[in-house]
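S.K.: Chains as they are written, first to last, in the UniProt record's numbering: chain A, 1 to 156; chain B, 1 to 138. Idealized CB from N, CA, C, for every residue including glycine. This structure is a prediction, so every number in the text was calculated from the model and none was measured. Quick one: the structure is below, questions incoming.
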Amino acid sequence: MLGLGADRLRADMNRLLALLFHQGVLDEQFLQLQQLQDESSPNFVSEVVNIYFHESEKLLRNLRALLLDTELSDYKKMGIHLNQLMGSSSSIGAKRVRNVCVAFRAASEQNNRAGCLRALELLEHEYCYLKNKLHELFQIEQQRALSAGIRYPMQN
Amino acid sequence: MEDEVLKSGVASGRVQKMTALIVDDNRVNQTIHHRLLQNLGIENQVVGNGKEAIDVHCSGKNFDLILMDLDMPVMNGIEATRKLRAMGIQSTIAGVSSRSLTDNIQEFIEAGLDDFQEKPLTIAKLVSILRKVQNHNN
């Protein structure tokens with residue numbers, strides 16, 4: 001019974017991953033992360049992704065603050081934050097978030113405030129979608145591990 | 001496959017245990033690069049910018065490999081690489097950046113890099129860098 005539950009959950013995980021790859025939300029770099037996870041570090045992927053969420057939310061808040069500063073938009077600082085977000089998004093395989101960052105950076109290099117505002121909205125939307133889907137993936141993984149009788153520490 | 005060969009080499013003592021310094025201000029990259037190296041049996045340390053890399057060397061530490069990011073606060077990868085070479089540091093320095101070779105990485109290379117890899121760093125890219133370290137040490 002337990003084995004069948006774990007198998008079903010694994011199938012759910014694979015289906016969700018396949019969907020995220022098909023949608024271009026994730027790319028093969030996410031598979032590289034999974035290859036780094038093993039018995040000595042069984043939560044590596046979720047740990048790295050949680051660091052990514054924490055850092056990205058700081059960067060998104062900074063970008064929003066810079067853009068909403070009606071006096072002067074510091075496009076150079078925006079570029080620095082975007083490089084950081086692009087780098088970490090690439091590293092975890094967050095392809096669509098990374099691509100929006102590229103477009104955002106292009107707008108900031110042209111001091112195009114309207115373009116930057118549009119890009120920021122799209123970036124926040126893509127980031128939220130990615131975060132929700134990865135949370136869903138990790139929840140299924142937790143349930144599968146419990147179902148298979150493996151004990152993992154609970155992730156927030 | 002190559003990473004398994006390298007890992008078993010390190011474990012058996014056939015390949016001398018390497019040491020590495022990760023120089024990167026991005027926490028996600030620090031975590032991934034640390035794990036990549038650890039998985040290959042490579043003892044490694046992480047610092048957050050070029051100045052900290054200089055300071056670690058000034059404290060007397062030395063590494064077989066330095067993974068040097070380009071864009072960092074306080075001191076970037078170009079300046080840090082130049083300073084390390086001026087100090088006589090002969091470690092293999094591999095530049096790793098999300099900027100591509102078409103983005104005029106020339107200055108970074110001329111600062112004294114032995115190799116350059118575009119991020120994200122993968123197992124295959126790291127094994128390629130480590131081959132250069134082994135050749136350098138031999």
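From the DSSP output, in three-state form, read off V25/A for me.
M.R.: Reduced to three states, the DSSP call for V25/A is coil.
S.K.: Going along the chain, which residues of the region 111 to 131 of chain B sit with their C-beta nearer than 7 Å to a C-beta in chain A?
M.R.: Going along the region 111 to 131 of chain B in chain order, one finds K119, P120, T122, I123 with a Cβ nearer than 7 Å to chain A.
S.K.: Roughly how many whole angstroms lie between the Cα atoms of A145/A and D38/A?
M.R.: Their Cα atoms are separated by approximately 13 Å.
S.K.: For D103/B, would you say it is in contact with chain A, using Cβ-to-Cβ distances shorter than 7 Å as the test?
M.R.: No, D103/B lies away from the interface with chain A (no Cβ there is under 7 Å from its Cβ).
S.K.: Give the residues of chain A in contact with V28/B, contact being defined as C-beta atoms less than 8 Å apart.
M.R.: Residues of chain A passing the Cβ test: V48, I51, Y52, E55, G87, S88, S91, I92.
S.K.: Measure from the C-beta of Q29/A to each C-beta in chain B and report whether the shortest distance is under 7 Å.
M.R.: Closer than 7 Å: yes.
S.K.: For a test of the three-state rule: what should DSSP assign to L65/B, helix, strand or coil?
M.R.: It is a strand residue.
S.K.: Three or more C-beta pairs under 8 Å: does that hold for the region 117 to 132 of chain B against the region 31 to 45 of chain B?
M.R.: Yes, since at least three Cβ pairs between the region 117 to 132 of chain B and the region 31 to 45 of chain B fall closer than 8 Å, the two stretches touch.
S.K.: Using three-state DSSP, classify L37/B as helix, strand or coil.
M.R.: Three-state DSSP puts L37/B in a helix.
S.K.: Where does A94/A fall in DSSP's three states?
M.R.: In the structure shown, A94/A sits in a strand (DSSP, three-state: E or B).
S.K.: Within 10 Å of its beta-carbon, does A20/B have 16 or more other beta-carbons around it, so buried, or fewer, so exposed?
M.R.: When all chains shown are included, A20/B counts as buried.
S.K.: Residues of the region 82 to 107 of chain B with a CB closer than 8 Å to any CB of chain A: list them in chain order, please.
M.R.: Flagged, chain order: S98.
S.K.: If we cut at 7 Å on Cβ distances, does T31/B have a partner in chain A?
M.R.: Chain A, which has a Cβ nearer than 7 Å to the Cβ of T31/B, makes this yes.
S.K.: Does the distance from the C-beta atom of G87/A to that of N26/B stay below 7 Å?
M.R.: Contact flag set, yes.
S.K.: Taking all protein chains shown into account, decide if R105/A is buried (16 or more other Cβ within 10 angstroms of its Cβ) or exposed.
M.R.: Buried is the call here.
S.K.: Nearest by alpha-carbon distance to C116/A: which of L82/A, M13/A, G24/A is it?
M.R.: Selected option, being the one with the closest Cα: L82/A.
S.K.: Are the C-beta atoms of M1/A and some chain B residue less than 7 Å apart?
M.R.: Low confidence applies here, because M1/A scores a pLDDT of 47, under 50, leaving its location unreliable and the question unanswered by this model.
S.K.: Check this for me: beta carbons of N29/B and G50/B, under 7 Å apart or not?
M.R.: Against a cut-off of 7 Å, the Cβ pair of G50/B and N29/B comes out as no contact.
S.K.: Would you call the region 26 to 35 of chain A in contact with the region 72 to 80 of chain A, where contact means no fewer than 3 C-beta pairs closer than 8 Å?
M.R.: Touching, no.
S.K.: Would D71/B pass as an interface residue toward chain A - the criterion being a Cβ-Cβ separation below 7 Å?
M.R.: Cβ-Cβ to chain A under 7 Å: yes for D71/B.
S.K.: Give me the chain A residues within the contact set of L36/B, using Cβ-Cβ distance strictly less than 8 Å, ordered along the chain.
M.R.: Neighbours of L36/B on chain A, chain order: L36.
S.K.: Less than 7 Å between CB atoms is the rule here; does N83/A satisfy it with respect to chain B?
M.R.: Closer than 7 Å: yes.
S.K.: Buried or exposed for C128/A, please, with buried defined as at least 16 other CB atoms from any protein chain shown within 10 angstroms of its CB.
M.R.: Exposed: under 16 other Cβ atoms inside 10 Å.
S.K.: Please work out which residues of its chain come closer than 6 Å, Cβ to Cβ, to H22/A, disregarding the five sequence neighbours upstream and downstream, and give them in chain order.
M.R.: Counting only Cβ-Cβ distances below 6 Å, and skipping sequence neighbours, we find nothing.
S.K.: Which residues does DSSP list as the beta-bridge partners of T19/B?
M.R.: Bridge partners of T19/B: E43/B.
S.K.: Can you give the Cα-Cα distance for R98/A and R118/A, rounded to whole angstroms?
M.R.: If I take the Cα positions, the gap works out to 15 Å.
S.K.: Return the first residue and the last residue of the beta strand (DSSP E) that A94/B is part of.
M.R.: Counting along the chain, the beta strand (DSSP E) containing A94/B begins and ends at 92 to 97.
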